[in-house]
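Taking it in order: structure first as structure tokens, then the write-up.
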Amino acid sequence: MFLDTLAAHCRQQPHKIALHFQGGAPISYGELDAASARAAAFLLAQGIKPGDRVAAQLPKCLPFITLHLATMQIGAIFLPLNPAYPPRELRYFLEDAGARLFIADAARRTQLEALLPELPALERAHFISAEENWAGAGGPLPPPPREPQQTAMMLYTSGTTSRPKGALISHGNLTANIRALHQAWGWRADDRLLHALPIFHVHGLVVALHGALHAGASAFMLPKFEAAPALELLQSGAFSVFMGVPTMHRRLYNQANGRRIDLSHLRLMTSGSDRLPDDLFFGYQRVFNVTLLERYGMTETGMNLSNPLHGERRVGSVGKPLPGVEARIVKPETEQPLPAGEVGELQIRGAHVFRGYWRQPEQTRAAFSADGWLRTGDLGFCAADGYFTLKGRAKDLIISGGLNVYPPEVERALLAHPAVAACAVIGCPDAEWGEQVVAAVIPRAGARPSAAALIAFCRERLAAYKCPRRLEFVEALPANALGKVQKAKLRAGALCPG
Ligand code: MLC
């Protein structure tokens, strides 16, 4: 299991640097182990038991990581939450997950404390700073979970429902995923990862951070991605691996501003979480002398498909199934496999596929085909030589800067406003963000809301990245015979110019 591999590194190379947060002291594997053990003792002292949910809404800092490792170590379920969630959204996650313990940023204490009495399952909230080292906690720890089925983490995602649901990721899922990536991407103990992603998502937490720790490698942790310093660090020659979403790669590319900067000393630069635009793939080759390795994953599975470390990295393609992963393209109506080259739904099977959604048996059933394949909701085809290419989404989903935004969730927030009679939220193409959230709103008769007021209303309810960047008032929305808004028509119309 992942935790066992990490424990072995901690024993065998206690002095090697595991993590180095920018502006802080390097943390050795031995120190990481000791701090995680103290965090585990802290959790036990709080009465946390296997299966309990421990929620954390923290900036990117060492205590977040030690808490994550400690929670999994004692068999409890780690629930990482985006610091961008406003209190209202946060309350939903804590309530739905039935979190017993909530660890939050001391800087937000006053804002968050007001929430706590509304959460009966929550026994304690604990506010910490980035310097927290769980000092004082001690005592014997239980052995790490042995059962691959046991849930390690819970990550919220929305899909087609208007409320997010918690995807349950088991220890076996994490282990299968990280082993596959280790093999496919040739992770090495002497790798040095420049870590610029948030760590409350699969990409930054599992693919990047677990990837480095599983290899016994070192990660330099940037609290936030900023193109200019990140490019300087990449040029410095100190790193061998970098992972980003297309928006980050776009900003790095723009930062070069036409100068040729050779980054080919990095042995691996990957792109994921959203489709990599072709011009950026070629632009990277020209400007950085790097062929980005594009891969495909999702919260429910971790990574599924990847272009190869050695061999052809095909522009526009997300590559082939990772070791241990099965992928197929089926006709959506019949779920029968389609021949090479035909577009259908991508379905996935393997030990890395999640267990189901927390307390959502219906949604869990709907996520899988009758013969047990995960329905990804992504459309694509498989070429005769086994490379997969994605062609769109069956689900109504927007991806902005590598973050998923689910229109029903945004529509729900807008409809809560008394001046909104009806609305539709779509993604319009955007050079920097991939897509931008745009809303079309029909106001109630007699109401004259302003776009700014409605956007501000959304921002009280939803993280800023989910809120419309643009909001237009319309008299009608294109609907089909059943009254369902035809989003494709909206996307093709004046709302999405260009
Ligand atoms: C920030 N903002 C966004 C945004 N990120 N708006 C739309 N989409 C986003 N993704 C907004 C903020 O709310 C703010 O708005 C303004 O942009 C600047 O905020 P910021 O925090 O300074 O943004 P910035 O640091 O520039 O962030 C951009 C980014 C970040 C690209 C670095 O979005 C990011 O780290 N994205 C990666 C997401 C990720 O890890 N996805 C993986 C999911 S896992 P205002 O109005 O308040 O000023 C997954 C599976 C898989 O998908 O396969 O990997």
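Going by this note's numbering, 370 is the number at position 368 of the sequence shown; the sequence numbering is gapless.
Ideal Cβ positions, reconstructed from N, Cα and C, are used throughout, including at glycine.
These numbers come from a predicted model, not from an experiment.
Asked	Found
Per DSSP, cross-strand counterpart(s) of Ser220	Arg194
Distance, Ala441 Cα to Ala273 Cα	What sits at residue 273 in the sequence shown is Ser, not Ala. Using only the alpha carbons, I get a separation of about 28 Å.
Buried versus exposed call for Gly382 [16 or more other C-beta atoms within 10 Å across all chains shown]	buried
Best match in Leu5, Tyr31, Leu21 for proximity to Gln14 [C-alpha to C-alpha]	Tyr31
Thr7 and Ala41 closer than 8 Å at C-beta	no
Segment limits, beta strand (DSSP E) that includes Tyr158	153 to 159
Among Ala496, Gln24, Pro310, Pro61, nearest to Ala108 - alpha-carbon criterion	Pro61
Residues near Ala47 in its chain [Cβ-Cβ closer than 7 Å; skip 5 each side]	Ala139
Three-way DSSP call (helix, strand, coil) for Val320 in this model	coil
Touch test, the stretch 468 to 480 against the stretch 438 to 456, Cβ-Cβ under 8 Å, three pairs minimum	yes
Any 3 or more C-beta pairs closer than 8 Å across the stretch 76 to 91 and the stretch 455 to 472	yes
Exposure of Asn259, with buried meaning 16 or more beta-carbon neighbours within 10 Å	exposed
Own chain residues within Cβ distance below 6 Å of Arg315, not counting five before or after	Thr293, Leu295, Asn309
Ser402 beta carbon near ligand 1 (any heavy atom closer than 7 Å)	yes
Any non-hydrogen atom of ligand 1 closer than 7 Å to Trp435 Cβ	yes
Spatially closest choice to Ala101 from Leu124, Pro82, Ala86, Arg110, by CA coordinates	Leu124
For Glu120, three-class secondary structure by DSSP	helix
Burial state of Pro146 (16 or more Cβ within 10 Å)	buried
Given 8 Å, three or more beta-carbon pairs between the stretch 151 to 159 and the stretch 125 to 137	no
Beta-carbon proximity of Arg262 to Val243, cut-off 8 Å	no
Best match in Leu278, Thr366, Gln237 for proximity to Leu268 [C-alpha to C-alpha]	Gln237
Beta bridge counterpart(s) of Met271 as assigned by DSSP	Phe244
Asp432, DSSP secondary structure in three states	strand
Backbone secondary structure at Arg351 - three-state DSSP	strand
Heavy atom of ligand 1 within 7 Å of His251 beta-carbon	no
Span separating the alpha-carbon of Leu207 from that of Ala229	20 Å
Coil, strand or helix - His419 by DSSP	coil
As assigned by DSSP and simplified to three states, the class of Gly304	strand
Contact test: Tyr20 Cβ vs ligand 1 heavy atom, cutoff 7 Å	For clarity, residue 20 is Ala in the given sequence; the question names Tyr instead. Result no, Cβ not under 7 Å from ligand 1.
Under the three-state DSSP convention, the category Glu115 falls into	helix
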